[in-house]
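In this note's numbering, the protein residues as written are 912 to 1134. Notes for the one structure printed next.
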């Protein structure tokens, strides 16, 4: 899962980033309105942590931009401005949650997981697809109650394909979502081919298949 933190306080941003990376999320950051707006215009995120007060703009305007794009990104407003008016305006604009500063790291984790469950998994803690069962809380994957050993990238690829099941996912979108926005600096997708190849082998007893669409990307099918 890919998260964008929009926060202008360096220490706060670093604490949030480290907290979420320990949970194995792909985390990107933006410390000002302009950078955040540019990233939001190019990349997709599963969850966005949004500060209202930025040095060069208002976070609520970014929220309007996010919702106007219609990408379905989950948004949690994270701000020291905890007045009722700000909270109501953010929620009315489409924010999924509001987390006032200061907060504990455990609460941040819980809020992010709750938003991701609502958006991608209908609020469930367990995902069942074909004969596969996934527990996102501990990144555990089972095929008919047999634990499947996946490395971090294999798991992230599988989850991205599952959230886009029956849809064609381009190689560039998969690479950017799993490896981050700096992936556009590379001119080869060999690293994806290797991970997909290994993932297919591990899924050989499952009822899902990863279909390659030559020259374009991949599509997850459920038998």
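Ideal placement from N, C-alpha and C gives every residue a C-beta, glycine not left out.
- Each residue's CA atom was taken as its position, placing residue 968 and residue 1055 some 51 Å apart.
- The Cβ atoms of residue 962 and residue 990 lie closer than 7 Å to each other.
- Pairing residue 1040 with residue 1073 gives a Cβ-Cβ distance under 7 Å.
- Looking at the DSSP output, residue 1085 bridges to nothing.
- Collapsing the DSSP output to three states places residue 1131 in a strand.
- For residue 1065, the CB contacts under 8 Å within the same chain, skipping 5 residues up- and downstream, are 1106, 1109, 1110 and 1113 in chain order.
- Residue burial is scored here from C-beta neighbours: residue 937 has at least 16 other C-beta atoms within 10 angstroms and is therefore classed as buried.
- Residue 959 sits away from residue 940, with the two beta carbons spaced by 7 Å or more.
- Annotation for residue 1004: no beta strand (DSSP E) segment contains it, and DSSP assigns it neither H nor E.
- About 18 Å separates the Cβ atoms of residue 1048 and residue 1062, ruling out a contact at the 8 Å cut-off.
- Counted as a single uninterrupted DSSP element, the alpha helix (DSSP H) harbouring residue 946 occupies residues 944-953.
- DSSP, reduced to helix, strand and coil, places residue 913 within a strand of the structure shown.
- By the Cβ-count criterion, residue 913 is buried, with 16 or more other Cβ atoms from all chains shown falling within 10 Å of its own Cβ.
- Runs of the alpha helix (DSSP H) lying entirely within the stretch 1005-1076, each at least 4 residues long, are 1016-1031 and 1063-1074 in chain order.
- If you draw a straight line from the Cα of residue 926 to the Cα of residue 1090, it comes to about 21 Å.
- Here residue 984 really is in contact with residue 957; their C-beta atoms are around 7 Å apart, less than 8 Å.
- Its chain contains 974, 977, 978 and 986 as the residues whose beta carbon lies nearer than 8 Å to that of residue 1005, once the 5 sequence neighbours on both sides are disregarded; these appear in chain order.
- DSSP places residue 969 in the strand class (E or B) of the three-state scheme.
- Rounded to the nearest whole angstrom, the C-alpha separation of residue 930 and residue 1014 is 12 Å.
- DSSP lists no beta-bridge partner residue for residue 991.
- Residue 1088 counts as buried, since at least 16 other C-beta atoms from the protein chains shown sit within 10 angstroms of its C-beta.
- The beta carbon of residue 935 lies closer than 7 Å to those of 1050 and 1063 in the same chain, with the five residues before and after it left out.
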